[in-house]
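Take the sequence shown: its position 549, counting from 1, is numbered 1172 in our numbering, and each next residue is one higher.
Ideal Cβ positions, reconstructed from N, Cα and C, are used throughout, including at glycine.
Have a look at the structure below, then the notes.
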Amino acid sequence: QLRAQNQVLKKGVVDEQANSASLKEQMKMKDQSLRKLQQEMDSLTFRNQQLAKRVELLQDELALSETRGKKNKKSAESSSQLSQEQKSVFNEDLQKKIEENERLHILFFEADEQHKRLEAELRTRLEVLETDAAQHQAVVDGLTRKYTDTIEKLQNDKATLEIKSQTLEREAKDCRLRTEECQQQLKNLQSALGSRLEESLCIINEKVPFNDTRSNRYNALNVPLHNRRYQLKLRDLAGQALAFVQELVAALLNFHTYTEQKVQIFPIDSATDTISPLNQKFSQYLHENASYVRPLEEGMLHLFESITEDTVTVLETAVKLKAFSENLASYLRFLRKILPYQLKSLEEECESSLCTAALRARNMELHRDMRRLTVVFEKLHTYVSLLVLPSTKPEGLRRTNYNFVFTNIATSLHGFHDILKDLSKHYSQKATLEQDIPTATQKLITTNDCILSSVVALTNGVGKIASFFSNNLDHFTTSLSYGPKAGTEFISPLSAECMLQYKKKAVAYMKSLKKPCADSVPYEEALANRRVLLSSTESREGLAQQVQQSLEKIAKLEQEKEHWMLEAQLAKIKLEKENQKLKNSISGHLTETIQEHSVLPNVAEQKKETTEKSPREPIKSTSLVKYNLSINTCLLKFLLCQAPDVESREDLIKTHYMARIAELTSHLQLADSKSVHFHAECRALAKRLSLAEKSKESLTEELKLASQNISRLQASKIPYNDELMTTKRSYEDQLSMMSDHLCSMNETLTKQREEIDMLKMTSK
């Protein structure tokens, strides 16, 4: 491209140079003609000056002649004739010179003007040509720079390409060597694969009974390739369709409900007068609309729930589509049932006295729209029932006709949308006309507005469904018709169901393969540790029970803590009251006696209240508890006798009881921990006992079998073998050891139970 532009620019520059050269020659020619004219002009001016001098001389001579004539009139008269002739000659000559001078002046002026004009034109043309030449020169300079840059780049590219060509030549040589090696390897592989193919064909012919991909009946049972992207896309589309169907169901419910309300109001209001039997029956049927409209949403919901990521969703496996088709058929029967009543109701409305001509025309348009609406629903039901056939009767619809059915559904939905547009337009006109009726009530106006809003919602919903279906038509036709590999179709719904079962089994098998293998323990070590793990006190179940028991104890202790906090607050309040009473007392002796008689009953009352409020079991008295109580009471009396003041007595009592409470809590915690430990050991012993009993039962069964074998051998008169005798003795020894072990375990269990009972008693 740059070279072509360069050639064009060169041609343009050459042409401009030729034009400038021709213009320069013209300029020279014009300059020469201008010089000639200037020379002529100079000659004419010189001639004019000569003539002017000649005229001046003649005028001087004339003046002299006049002065002379005055002197000599006579001589003048005689020479008058001569002078007149000369004067006339001179005048003629002068007149000619003047005219010639005028003509020369005009020619000179015209030539000068023409020269100036031509000079200006040439100067402007010269400036234009100079600017063009400068532009062309700049372009030429730029192009030369570009060409030099491109030449340098091309030279660099040439050098790099030469280097690359050299490297490529070396690589080509290497590739040739490699290809030779690969050809040799290919020959070896072909020979090896040929031998292996022959072996595998022999094995297949001998071992494989049949090839299931050759038969469509058997190939339909094979699991097809799972396309997760198609399944996710299809589930998303089913969710969108469910939302659209829910909007459609809500709009249909509102439309039928408000239509029932309109029948009760217009043309006769049921509140003031009885409506016709036709409208009564029509409103009764309309009242049942929910039982026919709601199942549409439920059927679509079941269809959406059946489409999951793990299944293979095709028309042969879409079993839930049949329920939606049946629900649509029931709604179609409902529309067919109410259609005659609706048409008769419109005709009855036209016959009423309130109906004008315009309103009658709108009613007849609605009459046609309702018929068309029922026809569209019949078409949709027909095509949906065709889509159900692959999952119920596969011979009813061939796979090649799927695209035709889907396209007809899309066109029917668009027709449905157009009918609803007309219905909305006609009903809005009808509502405005009914609003102008003098007897129109506010209830009628609001009902018309509600019906119009429901029709608009129905139109918008159907428009969304139609656009959604037409936009995703290609996806429906491609994703709902794929089958197993090398197969054309699923033969029957039963084969599709079997295929899904096989797919679930395959998925479960693949999941089991993906599970990581746990670190294995040596077999001998596992056998050695089995009994320990089963009967261990630190097993997971035992620890879980211990944690549960400790949590329950913590909860009980929290409750008791709150209870004793309240008791402490009540005791503080009582103590403050007693102190106030003691301060208000008069004598010290009376105060001491009152305090001695009041402290012990208060303590007894507090103990009674705590025993009544605490939800514990009754405590059984023992000799040990009585002995402790007697020691405590004696020690308390001794301290009270030793203490002289009231405050010191209170402090002594407080410290004594606090120390006693701390001691009892430590004993209680120790007893609880021992009981938990003993309980865990008892549970472990019980486990060991159950395991020993199970092993005893298994050994007894083995002993029975051995004895039966021995008796059988004896019956067949075969002498005892040493091995049989050793096995019998080993079984008998194991049984005796197990019985001894069981006895020892029973004894330890009884001992543990006795210790637990003692600990419970001491803790109480």
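Under the three-pair Cβ rule at 8 angstroms, the region 1029 to 1044 counts as touching the region 1079 to 1094.
DSSP places T1005 within a helical segment (H, G or I) once states are collapsed to three. N714 sits away from N671, with the two beta carbons spaced by 7 angstroms or more. The alpha-carbon separation between G862 and F927 amounts to approximately 6 angstroms. Around the beta-carbon of T1070, 16 or more other beta-carbon atoms lie within 10 Å, marking it buried. Taking all protein chains shown into account, I1074 has 16 or more neighbouring C-beta atoms within 10 Å of its C-beta and is therefore buried. A straight line joining the alpha-carbon of Q778 with that of Y770 spans about 12 angstroms. Taking L857 as reference, the option from T934, R1335 and K1297 with the minimal CA-CA separation is T934. DSSP places H1098 within a helical segment (H, G or I) once states are collapsed to three. The closest CA to that of A864, considering only L919, C825, Q884 and E679, is found on L919. Secondary structure at V916: helix, using DSSP grouped into helix, strand and coil.
Going by DSSP, R852 is part of the alpha helix (DSSP H) stretching over R851 to I888. Note that the C-beta distance between K1053 and I888 is not below 7 angstroms.
Minimum Cα-Cα distance from D683 among the listed residues K710, K739, S1271 and E663 corresponds to K710. Cβ contact annotation for E932 (same chain, cutoff 8 angstroms, sequence separation greater than five): R851, Q854, L855 and R858, in chain order. By the criterion of a C-beta distance shorter than 6 angstroms, T936 is surrounded in its chain by L857 and I930, once the five residues flanking it on both sides are discounted.
The region 651 to 665 makes contact with the region 727 to 740: 3 or more CB pairs, one atom from each, lie closer than 8 angstroms. For I961, the enclosing alpha helix (DSSP H) has its first and last residue at L944 to E974. Distances from the CA of F1092 to each of M987, H1037, E1001 and C1121 were compared; the closest alpha carbon is that of H1037. CA-CA distance, R991 to L969, rounds to 11 angstroms.
Contact between the region 628 to 637 and the region 747 to 765 is present, with at least three C-beta pairs closer than 8 angstroms. Setting aside the 5 residues that flank it on each side, T1100 is surrounded in the same chain by Y1025, N1026 and F1029, each with a C-beta closer than 8 angstroms to its C-beta; the list follows chain order. The distance from the Cβ of V872 to that of V916 is about 6 angstroms, consistent with a contact at the 8 angstroms cut-off. For E932, the three-state secondary structure derived from DSSP is coil.
Taken through DSSP and simplified to helix, strand or coil, H1300 comes out as helix. By the neighbour-count criterion, in which 16 or more other beta carbons inside 10 Å mark a residue as buried, L1010 falls on the buried side.
In the structure shown, T690 adopts helical secondary structure according to DSSP, grouped into three states.
The beta carbons of K720 and L681 sit no closer together than 7 angstroms. Counting along the chain, V1028 sits inside the alpha helix (DSSP H) bounded by residues Y1025 to Q1058. DSSP, read as helix, strand or coil, puts K1204 in helix. The Cβ atoms of H879 and L951 do not sit closer than 7 angstroms to each other. Of the candidates R691, L727 and L717, the residue whose Cα lies closest to the Cα of D665 is L727.
For K1138, there is no enclosing alpha helix (DSSP H), since its DSSP letter is neither H nor E. The C-beta separation of F905 from I961 comes to about 7 angstroms, placing the pair in contact by the 8 angstroms criterion. Note on geometry: alpha-carbon atoms of T997 and L955 lie some 8 angstroms from one another.
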